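Residue numbers (the UniProt record's numbering): 432 to 855.
Just so you know, even glycine gets a beta-carbon here, dropped at the ideal spot from N, CA and C.
The model shown is predicted, which means the values in this text are computed figures rather than measured ones.
Data block below; observations after.
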Ligand code: ATP
């Protein structure tokens, strides 16, 4: 096939693309393994990225033999440290200059289920490749000196890279591990690839299995997804593949949610440029639950403290919409002062709010609101610390935001007047 890379071309590519130290290291690994009579390969994401001309220095090595011995040999010859994981047959070699290299033995002892008995699996490189998710991730490059740079590509990963395709290795792949559906979307988003028709069909056929993935894992996968891709296209894919539908969100809301995601992105990009506030990647995932008023359903996910805060704040904003009709900054402040920028903007994006710009104005303004009065000032005026304190401080801020007072002196005068009225 004319599209197949010759070893010579691949070696050139590696030399040009890999950082100098990584390149030298790979040669050393090959030589050391050959001395031990051990076939050795570079494997996984870094192989894909070399072929794509993308940077990646996550060096994963598979040795056909005992990888721990190889790691020890490397340390002996070139220094550094080795951390061994005897029961997994893996080792990490940390080089003298601090690079970290994972070496896996293709003779693996692995646990099918955490609680099950260990299952001993004797395998060669091809077994390792067969267990991977997609053809583009199931390639290896031989590192042994005598055949350095030979591409091992049993599933046609190279062709799929050329045709920008994500393809599973076998029909049961998504059933075996439904998290691969999230991974497929992630690689689509990252590289601008597309699942091939068969892969997409199998994804749809096994989508009902995603509800068995642990919430923790779903949470992680989704965060990674929204960090990598354009949120709107990611949301569209999650609907198209019926992921959201598994969690009770209707497909008919797709366009509405996509628009909300775009709004959220715009709110941050245009109005809050340089303001150092970013939507958390999970906010995008919460959008459909919000749009459909099913926030309780989102609680099924392993939410971090930050996610949970956002969820609780937006629930509060959704329950009491009076803030949407406030018509001065002071009123906004009374109603919204305890809520984060993120929750407020999120609610703006997800709901039909008539006067967005007034709310945004408030969010921006309060960022540089410095208190004119402190607790010490109130004590000086003869007040005792208590609930009245915060009410007075709030009133000061409201007045300040509405432009009724603007200096400390104004504030003190206002306070004295206020206390006089109270006492008379
Ligand atoms: P990234 O740049 O995101 O790290 P990667 O391809 O290196 O991309 P990892 O999640 O680090 O992704 O996984 C490393 C390799 O392990 C992948 O290239 C893939 O071959 C394999 N892998 C990871 N998760 C799975 C899975 N769920 N099923 C099968 N193989 C997987």
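To the nearest whole angstrom, what separates the beta carbons of residue i and residue j, a pair I think is in contact under 8 Å?
| i | j | result |
| --- | --- | --- |
| residue 559 | residue 493 | 6 Å |
| residue 771 | residue 744 | 6 Å |
| residue 626 | residue 634 | 7 Å |
| residue 755 | residue 785 | 7 Å |
| residue 482 | residue 589 | 6 Å |
| residue 856 | residue 460 | Not covered by the structure: residue 856. The range shown for the chain is 432 to 855. |
| residue 473 | residue 457 | 6 Å |
| residue 655 | residue 617 | 6 Å |
| residue 666 | residue 715 | 6 Å |
For ligand 1, is there any heavy atom lying closer than 6 Å to the beta carbon of residue i?
| i | result |
| --- | --- |
| residue 533 | no |
| residue 875 | Outside the modelled stretch of the chain, which goes from 432 to 855, sits residue 875, for which no answer is possible. |
| residue 484 | no |
| residue 563 | yes |
| residue 476 | yes |
| residue 608 | yes |
| residue 568 | yes |
Per DSSP, what are the beta-bridge partners of residue i in this structure?
| i | result |
| --- | --- |
| residue 522 | 515 and 534 |
| residue 578 | Per DSSP, none; premise fails for residue 578. |
| residue 596 | 625 |
| residue 573 | 472 |
| residue 565 | 599 |
| residue 823 | In DSSP, residue 823 forms no bridge with anything. |
| residue 583 | 571 |
Can you grab the Cα-Cα spacing for the pair residue i / residue j, in whole Å?
| i | j | result |
| --- | --- | --- |
| residue 623 | residue 796 | 39 Å |
| residue 671 | residue 729 | 19 Å |
| residue 543 | residue 735 | At residue 543 the pLDDT is 43, less than 50, meaning the model places this residue with poor confidence; the figure from the coordinates comes in the next sentence. Roughly 28 Å between the two C-alpha positions. |
| residue 438 | residue 582 | 7 Å |
| residue 451 | residue 615 | 31 Å |
| residue 476 | residue 612 | 17 Å |
| residue 521 | residue 605 | 26 Å |
| residue 566 | residue 675 | 26 Å |
| residue 820 | residue 791 | 28 Å |
| residue 677 | residue 688 | 16 Å |
| residue 642 | residue 609 | 9 Å |
| residue 564 | residue 586 | 11 Å |
| residue 637 | residue 694 | 32 Å |
| residue 692 | residue 700 | 12 Å |
I want to check one thing, is the minimum distance from the CB of residue i to the heavy atoms of ligand 3 below 6 Å?
| i | result |
| --- | --- |
| residue 465 | Among the ligands present in this structure, namely ligand 1, ligand 3 is not found. |
| query | Which runs of the alpha helix (DSSP H) spanning at least 4 residues fall entirely within the stretch 437-497, listed in chain order? | reply | 438-448, 451-466 and 476-482
| message | Suppose only complete runs of 4+ residues qualify. What are the alpha helix (DSSP H) ranges in the stretch 636-675, listed by chain order? | response | 646-659 and 662-671
| Where are the alpha helix (DSSP H) runs, 4 residues long or more, that stay fully inside the stretch 759-841, in chain order? | 760-767, 772-781, 787-798, 806-811 and 818-832
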